[in-house]
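So in this note's numbering, spot 95 of the sequence shown is number 80, and the numbers just go up one at a time. From the three backbone atoms N, C-alpha and C, an ideal C-beta is built for every residue, glycine too. Here is the structure we will look at.
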Amino acid sequence: MEIFKINRPILEDEFQKYVHGKNIIDTFKYFLNIECSPEEALKIGEEKEVIYRKMCLESPDFKLAVGLVDFLDYLKEKGIDRNIATASAFPNVKFFFDHLDLDNWFDINNVAYNDGIIPGKPDPSIFLLAAKNINVDIQDSIIFEDSYSGIEAAKRAGAKKIVVVDSMKNNYAEKNNMLVIKGFREIERLIQFINS
């Protein structure tokens, strides 16, 4: 396994801008000044993700957010199309489907993920692909995001509305097409927003 070390603390703003929601190529470029091919990035990224997945399985907190199951059940019951767009590579997608029963609400074959070729957020391509994979117009879509780069990507994609899941202590003001939530406990507020 290749080990890379950053010889300084990573600031919260740096984490939000260059790690959270970003693909590994962008992260390496910023922190390590390393240019790598998509294949190299996926290989090194997978080495890191093996450790991450092990940590997930050892954590008692490894479960879907409180209220999320009820919200996803509501979307499914109402026949509202839904998909996932993630900066993670396919092994992580498979891991989460296997351990969090995501196939109750999503089709793994439709998920848009980091394949080493698709540009990382804030490029909107991953959201456009996720919408295309389920035959939905992005301009009729509501995107849920919890990263700076993802929110910017959602704006660039032309999403109808954006829900900011404020899990990373971000400071976002609510705007006309944006709702900020602290978690999925606020299901009535979420339903009202998506139906408005």
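Each residue's CA atom was taken as its position, placing I119 and R(-7) some 43 Å apart. Membership of K146 in the beta strand (DSSP E) is indicated by the continuous run 146 to 150.
Out of I10, K61, F81, I172, the CA that lies nearest to the CA of G101 is found in I10. The residues S134, E137, A138, R141, in chain order, have a CB closer than 7 Å to that of P107 in the same chain once the five nearest residues on each side in sequence are set aside. Under the three-state reduction of DSSP, E(-1) is assigned to helix. Excluding sequence positions up to five before and after K146, its CB lies within less than 6 Å of the CB of I127, N162, all in the same chain and listed in chain order.
Following the DSSP letters along the chain, one finds L42 inside the alpha helix (DSSP H) bounded by residues 23 to 43. DSSP, reduced to helix, strand and coil, places I10 within a helical segment of the structure shown. Positions of the alpha helix (DSSP H) runs, each at least 4 residues long and wholly inside the segment 82 to 133, are given as 110 to 118 in order along the chain. For L49, there is no enclosing beta strand (DSSP E), as DSSP gives it neither H nor E.
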